[in-house]
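Under the UniProt record's numbering, read the sequence shown as residues 1 to 173, first letter to last. Idealized CB from N, CA, C, for every residue including glycine. Just so we're clear, the structure is a prediction, and the values are computed from it rather than from any experiment. To start, the structure under review is shown below, and the notes come after it.
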Amino acid sequence: MDVLSAIKKRREITKFRPDPIPGEAMNTLLQSLYLAPSGNNLPSREFIVIQNKETLAALAETTPYMKWLQQASAGIAIISNPKISKYWLQDASIAGGYLWLTAASLGLGAAWGAVYHSEDEAESKKREDYARKHLKIPGDYCVVAILGLGYPAHEPPAKEMIPMEQVLHHETF
């Protein structure tokens with residue numbers, strides 16, 4: 001599948017079938033994370049692969065909006081170290097986007113569980129500390145997101161988008 005087709009196919013999947021993700025598909029997903037660009041090629045982002053069902057169920061409680069994670073076949077925690085690069089959040093987000101598109105290209109579904117909360121420091125600390133405890137993440141890393149992965153039990157229709165002309169500008173605003 002070409003990149004644009006994966007972009008068009010991508011949906012947030014929050015209902016997963018119980019089928020495991022085959023090893024070759026998982027390796028492809030992990031390659032997409034590893035190969036994602038980062039600012040100045042600095043390794044500010046790292047990844048934790050989670051396939052243990054008990055751990056996924058525990059992490060589903062990180063926020064009230066991640067209950068779907070307990071149904072996922074796997075999860076990927078995207079963590080980042082702000083001391084390594086000032087672009088840590090962008091680096092982690094780009095890697096997550098690459099992972100999501102790769103999942104779509106493989107017929108897998110993904111959902112983004114936002115852990116880091118840029119507008120609410122107390123909420124972010126609560127969420128990140130919860131994930132840190134379960135995944136033994138050092139305190140100098142930010143927990144950006146946990147993506148759930150698996151085969152979709154249901155594929156929602158594409159969301160209606162505003163016309164491209166309203167958001168795309170040429171040369172100037």
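query                                                                                                                                                   : result
Quick one: what's got a C-beta closer than 6 Å to Val-144's C-beta in the same chain, skipping five residues either side?                               : Ile-78, Ser-80, Ala-92, Tyr-116
In the structure shown, what three-state DSSP assignment does Arg-132 receive?                                                                          : helix
Anyone know if the C-beta pair for Thr-28 and Ala-111 falls short of 8 Å?                                                                               : no
Can you say whether Gln-171 is buried or exposed, counting buried as having 16 or more other CB atoms within 10 angstroms of its CB?                    : Note on identity: in this sequence residue 171 is Glu, with Gln being the wrong assignment. It counts as exposed.
Within the continuous alpha helix (DSSP H) that includes Ser-38, where are the two ends?                                                                : From DSSP, Ser-38 is part of no alpha helix (DSSP H); its letter is neither H nor E.
Hey, would you say the C-beta of Ala-25 is under 7 Å away from at least one heavy atom of the ligand GTP?                                               : Ligands displayed in this structure: none; no statement on the ligand GTP is therefore possible.
Specify the secondary structure class of Ser-80 as computed by DSSP and reduced to three states.                                                        : strand
Which word fits Gly-75, buried or exposed, when buried means at least 16 other C-beta atoms lie within 10 angstroms of its C-beta?                      : buried
Could you tell me whether the stretch 46–60 touches the stretch 1–15, using the rule of 3 or more Cβ pairs below 8 Å?                                   : no
Measure the C-alpha to C-alpha separation of Ile-94 and Ser-44 and round it to an integer number of angstroms.                                          : 12 Å
Which term fits Arg-127, buried or exposed, when burial requires 16 or more other beta carbons within 10 angstroms of its beta carbon?                  : buried
Per the DSSP calculation, Pro-152 is bridged to which residue(s)?                                                                                       : Phe-16
Decide if the stretch 137–153 is in contact with the stretch 15–27; the criterion is three or more beta carbon pairs, one per stretch, under 8 Å apart. : yes
Can you give the beta carbon distance from Ile-84 to Leu-35, rounded, assuming they're within the 8 Å contact cut?                                      : Not really, about 18 Å apart at Cβ, beyond 8 Å.
Starting from the Cα of Asp-140, find the closest Cα among Gly-97, Glu-46, Ala-25, Gly-148 and give me that residue.                                    : Glu-46
When you compare only the Cα positions, how much space is there between Thr-102 and Leu-30?                                                             : 9 Å
Is it the case that the Cβ atoms of Ile-146 and Gly-97 are separated by a distance below 8 Å?                                                           : no
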